[in-house]
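Peer 1: Residue numbers (full-length UniProt numbering), protein chains in the order written: chain A, 1 to 255; chain B, 1 to 255; chain C, 1 to 255; chain D, 1 to 255; chain E, 1 to 255; chain F, 1 to 255.
This is the structure I have questions about; it appears just below.
Protein chains: 6
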Amino acid sequence: MRHDGRKVDQLRKVDIVNDFVIHPEGSVLISVGNTKVICNASIEDRVPPFMRGEGKGWITAEYSMLPRATEQRTIRESSKGKISGRTMEIQRLIGRALRAVVDLKALGERTIWIDCDVIQADGGTRTASITGAFVAMTVALGKLLNEGKIKALPITDFLAAVSVGVDAEHGEILDLNYLEDSSAQVDMNVIMTSKGSLVEIQGTGEEATFSRSQLNSMLDLAEQGIQTLIEYQKEALGDLSLIVTDNLTKQVELK
Amino acid sequence: MRHDGRKVDQLRKVDIVNDFVIHPEGSVLISVGNTKVICNASIEDRVPPFMRGEGKGWITAEYSMLPRATEQRTIRESSKGKISGRTMEIQRLIGRALRAVVDLKALGERTIWIDCDVIQADGGTRTASITGAFVAMTVALGKLLNEGKIKALPITDFLAAVSVGVDAEHGEILDLNYLEDSSAQVDMNVIMTSKGSLVEIQGTGEEATFSRSQLNSMLDLAEQGIQTLIEYQKEALGDLSLIVTDNLTKQVELK
Amino acid sequence: MRHDGRKVDQLRKVDIVNDFVIHPEGSVLISVGNTKVICNASIEDRVPPFMRGEGKGWITAEYSMLPRATEQRTIRESSKGKISGRTMEIQRLIGRALRAVVDLKALGERTIWIDCDVIQADGGTRTASITGAFVAMTVALGKLLNEGKIKALPITDFLAAVSVGVDAEHGEILDLNYLEDSSAQVDMNVIMTSKGSLVEIQGTGEEATFSRSQLNSMLDLAEQGIQTLIEYQKEALGDLSLIVTDNLTKQVELK
Amino acid sequence: MRHDGRKVDQLRKVDIVNDFVIHPEGSVLISVGNTKVICNASIEDRVPPFMRGEGKGWITAEYSMLPRATEQRTIRESSKGKISGRTMEIQRLIGRALRAVVDLKALGERTIWIDCDVIQADGGTRTASITGAFVAMTVALGKLLNEGKIKALPITDFLAAVSVGVDAEHGEILDLNYLEDSSAQVDMNVIMTSKGSLVEIQGTGEEATFSRSQLNSMLDLAEQGIQTLIEYQKEALGDLSLIVTDNLTKQVELK
Amino acid sequence: MRHDGRKVDQLRKVDIVNDFVIHPEGSVLISVGNTKVICNASIEDRVPPFMRGEGKGWITAEYSMLPRATEQRTIRESSKGKISGRTMEIQRLIGRALRAVVDLKALGERTIWIDCDVIQADGGTRTASITGAFVAMTVALGKLLNEGKIKALPITDFLAAVSVGVDAEHGEILDLNYLEDSSAQVDMNVIMTSKGSLVEIQGTGEEATFSRSQLNSMLDLAEQGIQTLIEYQKEALGDLSLIVTDNLTKQVELK
Amino acid sequence: MRHDGRKVDQLRKVDIVNDFVIHPEGSVLISVGNTKVICNASIEDRVPPFMRGEGKGWITAEYSMLPRATEQRTIRESSKGKISGRTMEIQRLIGRALRAVVDLKALGERTIWIDCDVIQADGGTRTASITGAFVAMTVALGKLLNEGKIKALPITDFLAAVSVGVDAEHGEILDLNYLEDSSAQVDMNVIMTSKGSLVEIQGTGEEATFSRSQLNSMLDLAEQGIQTLIEYQKEALGDLSLIVTDNLTKQVELK
């Protein structure tokens, strides 16, 4: 039993609130334990300059934390006048992950802006951001579909993310909270689709190393956690999730 | 009747949620109509360098909007690498306003950081920030009091803020939403205490001017609106509001 | 009697030198007591991108102080690489104020750049800037008129600004110098037209509050001071002031 | 056969020049095919403020590319005034990787600065940087040892890095050059020690996904490539490599 | 005869106003033709961190132009958020030049800040800045002497600067105005002492070259112009100039 | 004899390696003693916005030092987020110098980017940069010529640069290394063509002054050193140098 009573392969309590704020095309508040992130998706009818004329869309993400999302107040990046390396890494990761399950050609020359703003942090903010952002993005694309601006929902599969790690006491564990993350020997973020395909894997020994056997155990935990997270996504998406499932079936049939 | 059915002297629906996120010493979600602001208060046990050794405390505020708090996505100030003039004005205003009702000597060499993050905007974000921040700050100071770090709650009066304006159709109106604000001829923010003392008044003709008689009508509306907002603050503060009321009574008696 | 021998309702010595430097379309050195500001007006034949195609003009202001305008040397904002909140507030205030008395449609798609550079500071630099900038702007527009680029002088009224305040010793006072400003309980800047219409009012209790009755006394002082300042402006403008007066008369007749 | 004649499991030509420039404590020019990186290690006798007094050392890395390291000239980050997200990610990665094989306690309160400057780029610059930096760092620490400032070489194992990927034509391949990297479906960087322990693994589907079986094949390729790279490191280090080997043996015996 | 009626070896009209603004320790307005620069000298009782404890003083300069010092409005460097290469070059030049005639040991651990703000530009702003700054600095040091903070005026010689150039029509010319500067083939700034010693010489062919014989003719012109400028400095300095002359005599006698 | 055994008029060992890295149109590694600079020339088929439509080309230079080019590690300018005054001066100097020997009209609307990256510094980095950049630029223009994009090599003369100075012990000396530069009384950089025409001369007394006779001796040394440097350039350029020599002959004949 972990310090918060969870089993090694147990996710924290997950909650996904749809239509959280009124202005964005897609807006989600995701809670994973005490980690809470507002994920907003905006659709802009053009792409960045370097992509113009290619007939393809783009997905870009920004990530930020409120100063008191954390135990100690952190200085705003706008006050410092620059974005930290950590923030940049996370922003790039979120955008890259979502692009893996969107047919950018079918999206057309549009940009999807994903804004992930952490209002309360307790570990796993980047994976919660990805899991929530997938829902917000799908809702936003659903609106495009309803408005007849695209012919089909250009999403090829569900996508969710979770952290796994290695802990001195419990070995491989799923979904680390801040306390666990701080003392873990290995920390790994895994992003997968509902078919179990890997989209991104980032594993780091914290002044430590890990074996391939530990890597495999962590991937097993992640795979199971992600399947559960995708169930929560489906619930939040309602009927829209059926279209994604339908897209998936068609791909399998094509093969 | 205004476009949203309100009378000229009517506030929008107000809601103040206390203890909104877990880490800050004081945390409030204030809603004024569709305007929603997270107001967090943090207490730091030291003052900025320019104030050290004076035996006084300090209150400083930061204000920001999520990119999709607005109808159109606005670029993050952290991405632009600098803070806009509008943001700076608002931050300075919030800090100055709160300092007017806190006994900085009694606070001791501490800094209260106020973070106002607008998650949904529909006009009046700066006044909602001040009204919400007063509650968050009072809660944070209440914790200092409970922990025995200060001997008395160093708050001398309630403080709230509201916008008033002049409209071509309805004349002077209270609590403008975004649509009204965009077309108003005059826009004024008023910050007052429960005793009806003015803390700050900022009135601006938008490519227009206003008379002293219009100024007086706007101040009448503001005064009434602020009294109502203070009732909401009292409700959110519960027993803590009694201590502030008590502080007020003592001051009157002293005089 | 105030510390410099003035009465409570007395302005400092005012001097407005026209054609101060040779390059700008309008160039004024205004002195209000020991406060000295160079106010230059430049006319550019285009508007900022966000206004193109609207057939209207724009007025924008920049404000700066020489490092040794002040008693202690202040660091240049160009060296710090960013503009302070105070500077931004003042710049926005100057631009907004001047726009209130200019018919932007009649100006056409042109930008008036106002540069206020304080070479010596002793309180009231922002109000002196506005009072001087009005003259520089009018001279610049007068040149446009002489060159036949506009058909009429697009200025609807005179405009001047003054500070008022509340002092522990003298109560409400007019035109505070630096020493008075530093110890004032209330500090208010008032911008008015010759007709007595308010353009902007910004009153702030400095860790203090003020009553509506004090507000009214301060406004009375400001109104009288501004009428005097407008007399100085008329003198500096010479014949150009007659055109502004003429514009005013026509507006009254129209009503 | 790959487009440059290599087999799928074949590294490019590797060359490690020791003592490349004269000033740094450790200085290496590493070439991996056409990728050339100057890796310099500097030792500073203090640690960053956040680590002072902990009796531990620190390793930090900076990474940059000359503007014409690339086919098209890239703008200098110093000219843009900010460091890109890509650069920050790489810098953080290099530092983290090296810290995994250094006993920071034994290093004492010192900082090792690693500067990786790419003078010619053809894919794999971050992995070449890590492989070269390990040598430069070891040389620098060897000097500390010779000067008697530390009692033992605080390096626990050899460390090298390589990229692997999945290619539409050849499947899993080792050590991608720029052309291969641009068209790869999956791109993964692997950092390992001589014992085959994983220090970091970062695998990304480029608008694609990958299976766990593909992951395993890539890891097999990486492991073999890294063993070869470590042989080059040993050769460049000469006698110093014997001390690292000795450190390794002792650890095994302790267990 | 040059386009403004001057002979090739003739300076423009020079005017040096002492005590121009009230706050700085030394304050000068220098006019050289239509070029006008406010030169203020401030004395700070400490040196920059890199010089502490050496028992020596430091002189540092900042240079700026008002936006409408020029024919076309130039953007403020504070608005751009960075200082141009041209400004940096000039600032470094002014500081370096003045340091050549000050005994920094005798100055003690103090910094002299020189602020040169061009209010009207017509060529030769950097040389006018140096010539004016020498006077402002001497006045400021004279105050230190009067206050007994230093025992002797630590100035070893007079110092002035002038531009010379080569013109297609007139050959070598002295003291170029903006029009001449724009079309000159060679542009050279010369800084000299009253003894005729060179402190700095910067000659540049503008997409052209120059011979050593032209260099010598230009130096002859400069030497004569600088002697005249020093006479203006002496006049502005009054009795203080006698102390500098006295310092000079003593040095000669020592030799 | 100087501390490194050289005579006062003796250059350090010079070496110019052509085709140093593969991507740039021209790429040179120049060594002057222990000073080593990579000089890359890139050709872009457009000019900066301020020059468009003039039918002329442009040459711009950037200069940087690797952090450990120096004895002590220097902070990267990209990390500081701004470029130092020293770097700006050098960049401007390199670009200006090269423009003096290129026929910008004949170049057409193209920009030549010169990147000088110092990998090892021991004094004279700016002069070595210019001498090496001339070769890299000529090689790059030679490629344009070979590709038939220009009809003739638009270079009017050879160009090289050297430092000279005045030393307490040896008087005037040629080509100062870092140690000599640090203690020199006068430091001068001279840029000349093969015809002995001056392109730029920058002489500075370091808290000292110099006479015109010293200036002349330094120029004599520089002239001789530059002729030798041009011999090295010719050798590195091979046949291309004949075209430059031919250009020179034609110009003489024309006159």
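We put the beta carbon where it would ideally sit given N, CA and C, even for glycine.
Closer than 9 Å by beta-carbon distance: list the chain E residues that pair up with W113 of chain C, in chain order.
Peer 2: Here residue 113 of chain C refers to the residue found at position 113 when the third sequence is read from its first residue. Those are P67, R68 and R73, listed as they occur along chain E.
Peer 1: Which stretch, first to last residue, makes up the beta strand (DSSP E) that contains I230 of chain B?
Peer 2: As a first step, residue 230 of chain B must be located in the second sequence, where it is residue number 230. Note, I230 of chain B: premise wrong, no beta strand (DSSP E); alpha helix (DSSP H) at R212 to L237.
Peer 1: From K56 of chain E to S78 of chain D, what does the alpha carbon distance come to, in whole angstroms?
Peer 2: Working through the fifth sequence from its first residue, we reach residue 56 of chain E at position 56. Working through the fourth sequence from its first residue, we reach residue 78 of chain D at position 78. Answer to the nearest angstrom: the Cα atoms are 33 Å apart.
Peer 1: Where do the N-terminal and C-terminal ends of the beta strand (DSSP E) with I22 of chain E fall, by residue?
Peer 2: Sequence index remark: in the fifth sequence, residue 22 of chain E carries index 22 (1-based). Here I22 of chain E belongs to no beta strand (DSSP E), and DSSP marks it neither H nor E.
Peer 1: State whether the stretch 187 to 206 of chain F contacts the stretch 46 to 61 of chain F, with contact taken as three or more CB pairs (one from each stretch) at a distance under 8 Å.
Peer 2: The way I'd put it, the stretch 187 to 206 of chain F doesn't touch the stretch 46 to 61 of chain F; fewer than three beta-carbon pairs between them come closer than 8 Å.
Peer 1: Residues in the same chain with beta-carbon distance under 7 Å from E172 of chain F, minus the five sequence neighbours each way, listed in chain order, please.
Peer 2: Along the sixth sequence, one-based indexing puts residue 172 of chain F at 172. For E172 of chain F, where only same-chain residues beyond five positions count, the Cβ hits under 7 Å are V8, V164, V166, Q214, S217, M218 and L221.
Peer 1: Going residue by residue through the stretch 57 to 131 of chain F, where are the continuous beta strand (DSSP E) segments of at least 3 residues, counting only ones entirely within it?
Peer 2: 58 to 65 and 111 to 120
Peer 1: Suppose you measure from the CA of Y232 of chain D to the CA of Q251 of chain F; what does that come to, to the nearest Å?
Peer 2: Position 232 of the fourth sequence, counted from the first residue, corresponds to residue 232 of chain D. Position 251 of the sixth sequence, counted from the first residue, corresponds to residue 251 of chain F. Roughly 56 Å separates the two Cα atoms.
Peer 1: Taking Cβ positions, are G123 of chain F and Y178 of chain F nearer each other than 9 Å?
Peer 2: Stepping through the sixth sequence from its first residue, residue 123 of chain F is reached at position 123. Stepping through the sixth sequence from its first residue, residue 178 of chain F is reached at position 178. Contact flag set, yes.
Peer 1: When you compare the CB of M51 of chain A with every CB in chain D, is at least one pair closer than 9 Å?
Peer 2: Within the first sequence, residue 51 of chain A is the residue found at index 51, counting from 1. Cβ-Cβ to chain D under 9 Å: no for M51 of chain A.
Peer 1: In the DSSP assignment, find the beta strand (DSSP E) that holds E200 of chain E and state where it starts and stops.
Peer 2: For the purposes of this step, residue 200 of chain E is taken as residue 200 along the fifth sequence, with counting starting at 1. Start and end: L198 to G205.
Peer 1: In the DSSP assignment, find the unbroken alpha helix (DSSP H) run with S183 of chain D in it and report its ends.
Peer 2: If you number the fourth sequence from 1, residue 183 of chain D lands on position 183. Residues Y178 to S183.
Peer 1: Relative to chain F, which residues along the stretch 173 to 205 of chain E have a C-beta separation below 7 Å, given in chain order?
Peer 2: Per Cβ criterion, the list reads T193, S197, L198, V199, E200, I201, Q202, G203, T204 and G205.
Peer 1: Compute the minimum distance between the beta carbon of I155 of chain A and the heavy atoms of the ligand NAD, and state whether it is under 8 Å.
Peer 2: The ligand NAD is absent from the structure shown, which contains no ligand whatsoever.
Peer 1: Where do the N-terminal and C-terminal ends of the beta strand (DSSP E) with V37 of chain E fall, by residue?
Peer 2: Your numbering for residue 37 of chain E matches position 37 in the fifth sequence. Counting along the chain, the beta strand (DSSP E) containing V37 of chain E begins and ends at T35 to E44.
Peer 1: Step through the CB atoms of chain A and report whether any lies within less than 9 Å of the CB of R76 of chain B.
Peer 2: Within the second sequence, numbered from 1, the residue matching residue 76 of chain B stands at position 76. Chain A, which has a Cβ nearer than 9 Å to the Cβ of R76 of chain B, makes this yes.
Peer 1: Are G205 of chain D and V102 of chain A close, meaning C-beta to C-beta below 9 Å?
Peer 2: Numbered from 1 along the fourth sequence, position 205 holds the residue referred to as residue 205 of chain D. Numbered from 1 along the first sequence, position 102 holds the residue referred to as residue 102 of chain A. No, the Cβ-Cβ distance between G205 of chain D and V102 of chain A is not below 9 Å.
Peer 1: Mapping the DSSP letters down to three states, classify G5 of chain C as helix, strand or coil.
Peer 2: For this step, residue 5 of chain C is matched to residue 5 along the third sequence. G5 of chain C falls in the coil class under three-state DSSP.
Peer 1: Would you mind telling me which residues of chain E sit closer than 7 Å to D117 of chain C, beta carbon to beta carbon, in chain order?
Peer 2: Position 117 of the third sequence holds residue 117 of chain C. What D117 of chain C touches in chain E: L66.
Peer 1: Please report whether the beta-carbon of H3 of chain C lies at a distance below 9 Å from any beta-carbon of chain E.
Peer 2: Against the third sequence, residue 3 of chain C aligns to sequence position 3. Taking Cβ atoms only, chain E never reaches closer than 9 Å to H3 of chain C, which makes this a no.
Peer 1: Around the C-beta of L242 of chain B, are 16 or more other C-beta atoms found within 10 angstroms, so that it is buried, or is it exposed?
Peer 2: In the second sequence, residue 242 of chain B corresponds to position 242, counting from 1. Result: exposed.
Peer 1: Which residue wins for smallest C-alpha separation from A61 of chain F, given the options F:G81, F:M1 and F:M137?
Peer 2: For the purposes of this step, residue 61 of chain F is taken as residue 61 along the sixth sequence, with counting starting at 1. Cα-wise, what sits closest to A61 of chain F is F:M137.
Peer 1: Please compile the residues from chain B whose C-beta is within a distance smaller than 9 Å of the C-beta of S211 of chain C.
Peer 2: Translated into positions along the third sequence, residue 211 of chain C becomes position 211. The answer, in chain order, is G196, S197 and L198.
Peer 1: Drop a sphere of 10 angstroms on the beta-carbon of N146 of chain C, count the other beta-carbons inside from all chains shown, and report buried for 16 or more, exposed for fewer.
Peer 2: The sequence position of residue 146 of chain C within the third sequence is 146, counting from 1. N146 of chain C is exposed by the Cβ-count criterion.
Peer 1: Would you call M188 of chain C buried or exposed, if buried means 16 or more other Cβ atoms sit within 10 Å of its Cβ?
Peer 2: By 1-based counting over the third sequence, the position of residue 188 of chain C is 188. With 16 or more Cβ atoms within 10 Å of its Cβ, M188 of chain C is classed as buried.
Peer 1: Pull up the distance between the alpha-carbon of V37 of chain A and that of A128 of chain F, whole angstroms please.
Peer 2: Position 37 of the first sequence, counting from 1, holds the residue named residue 37 of chain A. Position 128 of the sixth sequence, counting from 1, holds the residue named residue 128 of chain F. Cα to Cα, the separation comes out at about 55 Å.
Peer 1: So for L145 of chain D, helix, strand or coil by DSSP?
Peer 2: On the fourth sequence, position 145 is the one that residue 145 of chain D refers to. Helix.
Peer 1: Name the one or two DSSP bridge partners that I150 of chain A has.
Peer 2: Counting from 1 along the first sequence, the entry for residue 150 of chain A is found at position 150. Partner residues in a beta bridge of I150 of chain A, as assigned by DSSP, do not exist.
Peer 1: Taking only three categories from DSSP, how would you classify E169 of chain B?
Peer 2: One-based indexing of the second sequence puts residue 169 of chain B at position 169. The answer is coil: DSSP assigns E169 of chain B none of H, G, I, E or B.
Peer 1: Alpha carbon to alpha carbon, how far is T35 of chain C from T111 of chain E? Give it in angstroms, no decimals.
Peer 2: Position 111 of the fifth sequence, counting from 1, holds the residue named residue 111 of chain E. Position 35 of the third sequence, counting from 1, holds the residue named residue 35 of chain C. Cα to Cα, the separation comes out at about 27 Å.
Peer 1: Return the Cβ separation of P154 of chain A and A97 of chain A in integer angstroms, given the expectation that the two are a contact with Cβ distance under 8 Å.
Peer 2: Here the question's residue 154 of chain A lines up with position 154 in the first sequence. Here the question's residue 97 of chain A lines up with position 97 in the first sequence. About 16 Å; that fails the 8 Å criterion.
Peer 1: Count the other CB atoms, across all protein chains shown, that sit within 10 Å of the CB of Q91 of chain C; report buried if there are 16 or more and exposed otherwise.
Peer 2: For the purposes of this step, residue 91 of chain C is identified with residue 91 of the third sequence, where counting begins at 1. It counts as buried.
Peer 1: Since N189 of chain A sits in a beta bridge, which residues does DSSP pair it with?
Peer 2: By 1-based counting over the first sequence, the position of residue 189 of chain A is 189. Its beta-bridge partners are A:S163 and A:Q202.
Peer 1: How many Å lie between S64 of chain A and I75 of chain A at the Cα?
Peer 2: Working through the first sequence from its first residue, we reach residue 64 of chain A at position 64. Working through the first sequence from its first residue, we reach residue 75 of chain A at position 75. If I take the Cα positions, the gap works out to 11 Å.
Peer 1: If you check the beta carbons only, do R68 of chain E and V21 of chain C fall under 9 Å apart?
Peer 2: As a position in the fifth sequence, residue 68 of chain E is number 68, starting the count at 1. As a position in the third sequence, residue 21 of chain C is number 21, starting the count at 1. Cβ atoms of R68 of chain E and V21 of chain C: closer than 9 Å.
Peer 1: Specify the secondary structure class of L174 of chain C as computed by DSSP and reduced to three states.
Peer 2: For the purposes of this step, residue 174 of chain C is taken as residue 174 along the third sequence, with counting starting at 1. Residue state, collapsed to three classes: strand.
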